[in-house]
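**Student:**
In the numbering used here, the protein residues as written are 2 to 83.
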């Protein structure tokens, strides 16, 4: 009976993962994100892999859609003009 009542844990992104995802949503390439955050491209790719895993997606577009649906990204990011 308890199995039916078990709820999924809410998806949580770290502050840095939100920063990376926000920049990616704005159209930045991994190298640009790395330069802006003063980290290596490999670090950005690591964060993206974690984001994809947490959101259970395989690409940037899916990540944006799922994160937006779950309210994980700032609303102003979704309303900015490119």
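Idealized CB from N, CA, C, for every residue including glycine.
Taking the CB atoms as reference points, tell me whether residue 24 and residue 73 lie closer together than 8 Å.
**Tutor:** Reading the chain shown from its first residue, position 23 is the one you call residue 24. Reading the chain shown from its first residue, position 72 is the one you call residue 73. No.
**Student:** Count the C-beta pairs between the stretch 54 to 74 and the stretch 32 to 44 that are closer than 8 Å, then say yes if the count reaches three, no if not.
**Tutor:** Too few Cβ pairs lie closer than 8 Å, so no.
**Student:** Under a three-way DSSP split, which group does residue 83 fall into?
**Tutor:** Against the chain shown, residue 83 aligns to sequence position 82. For residue 83, the predicted model reports a pLDDT of 49, less than 50, meaning its position is unreliable; a value from the coordinates is still stated below. In the structure shown, residue 83 sits in coil (DSSP, three-state: anything other than H, G, I, E or B).
**Student:** Could you give the DSSP three-state label for residue 31: helix, strand or coil?
**Tutor:** The sequence position of residue 31 within the chain shown is 30, counting from 1. Residue state, collapsed to three classes: helix.
**Student:** Going by the C-beta, is residue 15 closer than 7 Å to any heavy atom of the ligand PLP?
**Tutor:** By its list of ligands, the structure shown contains no ligand whatsoever, and the ligand PLP lies outside what it can speak to.
**Student:** What does the Cβ neighbour count give for residue 34, buried or exposed, with the cut at 16 atoms within 10 Å?
**Tutor:** Along the chain shown, one-based indexing puts residue 34 at 33. Buried, because 16 or more other Cβ atoms sit within 10 Å of the Cβ of residue 34.
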